[in-house]
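Enquirer: Mind having a look at this structure? Questions to follow.
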Amino acid sequence: MHNGHFLRNERQIGKYASIIVFLLLVVYAVTLTKGLLSLTSQQEPIRDPFFSILEIIILIMAPLMVVLMAAVHSYAAKDVKIYSLTALIFMSLLAGITSSVHFVVLFVSRQIEAISEISMKVFFSFTWPSVIYALDILAWDLFFGLSMIFAAAVFKGGKLEKSVRISMLISGWLCIAGLIGPVANMQLRMIGVVGYVPVFAVVCLLLFRVFSRPK
Numbered sequence: 664m665h666n667g668h669f670l671r672n673e674r675q676i677g678k679y680a681s682i683i684v685f686l687l688l689v690v691y692a693v694t695l696t697k698g699l700l701s702l703t704s705q706q707e708p709i710r711d712p713f714f715s716i717l718e719i720i721i722l723i724m725a726p727l728m729v730v731l732m733a734a735v736h737s738y739a740a741k742d743v744k745i746y747s748l749t750a751l752i753f754m755s756l757l758a759g760i761t762s763s764v765h766f767v768v769l770f771v772s773r774q775i776e777a778i779s780e781i782s783m784k785v786f787f788s789f790t791w792p793s794v795i796y797a798l799d800i801l802a803w804d805l806f807f808g809l810s811m812i813f814a815a816a817v818f819k820g821g822k823l824e825k826s827v828r829i830s831m832l833i834s835g836w837l838c839i840a841g842l843i844g845p846v847a848n849m850q851l852r853m854i855g856v857v858g859y860v861p862v863f864a865v866v867c868l869l870l871f872r873v874f875s876r877p878k
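Mapping of the sequence shown onto this note's numbering: position 198 corresponds to residue 861, and the numbering continues sequentially without gaps.
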């Protein structure tokens, strides 16, 4: 059930944001798969050009995800706006942290020459443990996961909205489960990746359908 004052321009913004994020997720998934298949060992980091493409996709996608959640907040009925606002705040935290991380990695870390290999791995590597890796896990597994869980409360009513709610909850809880990785086995972090790539892509498609419906 949506807000009766959900405006046409808000609906359009939601439509465009959801489909663009979906397409970016598809490109991200394809690039990630190709990058992983190019490795000779699971211990190796993904190399260029795949790595740089992934970084650029995230920098483009992160602000669009905030726009998408802002559309969800506008769509929300008055009695659930506290949930959509909370989801928007968590999504903004995700975007701020992950954009900072990937901007630094893409444009700063490669230009630093006077730094030891150990310091490089500790601060700028996506090999665990490292500072930027920890920040990115915080952003995607915790803040994105919480954003999905709170946003799910907005969608109640028909079959389509129920599908959105279930997909968001699956996405959110998978991301939260991915937090097991840093404290147990980093291979388990892939649980979170499933939550914020393929499952979130499904969420975006469903949101596109929601925002495409006539009043």
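Glycine included, C-beta positions come from ideal geometry on N, C-alpha and C.
Tell me whether A758 sits in a helix, a strand or coil according to DSSP, three-state version.
Expert: For this step, residue 758 is matched to residue 95 along the sequence shown. Three-state DSSP puts A758 in a helix.
Enquirer: With H, G and I counted as helix, E and B as strand and the rest as coil, what does DSSP make of A739?
Expert: Translated into positions along the sequence shown, residue 739 becomes position 76. DSSP places A739 in strand when its eight states are reduced to three.
Enquirer: Please list, in chain order, all residues of the same chain as M724 whose beta carbon is under 7 Å from its beta carbon, the five residues on each side excluded.
Expert: The residue you call residue 724 lines up with position 61 of the sequence shown. Cβ neighbours of M724 beyond the five flanking positions: V684 and L687.
Enquirer: Whole angstroms are fine: how far does the CA of S704 sit from the CA of H736?
Expert: Here the question's residue 736 lines up with position 73 in the sequence shown. Here the question's residue 704 lines up with position 41 in the sequence shown. Approximately 43 Å, taken between the alpha carbons.
Enquirer: Thinking C-beta only, is A847 closer than 7 Å to L832?
Expert: For the purposes of this step, residue 832 is taken as residue 169 along the sequence shown, with counting starting at 1. For the purposes of this step, residue 847 is taken as residue 184 along the sequence shown, with counting starting at 1. No. Outside cutoff.
Enquirer: What do you reckon, are the CB atoms on L757 and A797 nearer than 7 Å?
Expert: Numbered from 1 along the sequence shown, position 94 holds the residue referred to as residue 757. Numbered from 1 along the sequence shown, position 134 holds the residue referred to as residue 797. Going by C-beta atoms, L757 is not nearer than 7 Å to A797.
Enquirer: Are I854 and G841 close, meaning C-beta to C-beta below 7 Å?
Expert: Translated into positions along the sequence shown, residue 854 becomes position 191. Translated into positions along the sequence shown, residue 841 becomes position 178. Cβ atoms of I854 and G841: closer than 7 Å.
Enquirer: Label H668 either buried or exposed according to how many other C-beta atoms from any shown protein chain fall within 10 Å of its C-beta, with 16 as the threshold for buried.
Expert: For this step, residue 668 is matched to residue 5 along the sequence shown. Exposed is the call here.
Enquirer: Buried or exposed: which applies to D742, given that a residue is buried once 16 or more other Cβ atoms fall within 10 Å of its Cβ?
Expert: Counting from 1 along the sequence shown, the entry for residue 742 is found at position 79. By the neighbour-count rule (16 or more Cβ atoms within 10 Å), D742 is not buried but exposed.
Enquirer: Check this for me: beta carbons of S826 and L870, under 7 Å apart or not?
Expert: The residue labelled residue 826 in the question sits at position 163 within the sequence shown. The residue labelled residue 870 in the question sits at position 207 within the sequence shown. Not in contact: S826 and L870 (Cβ atoms no closer than 7 Å).
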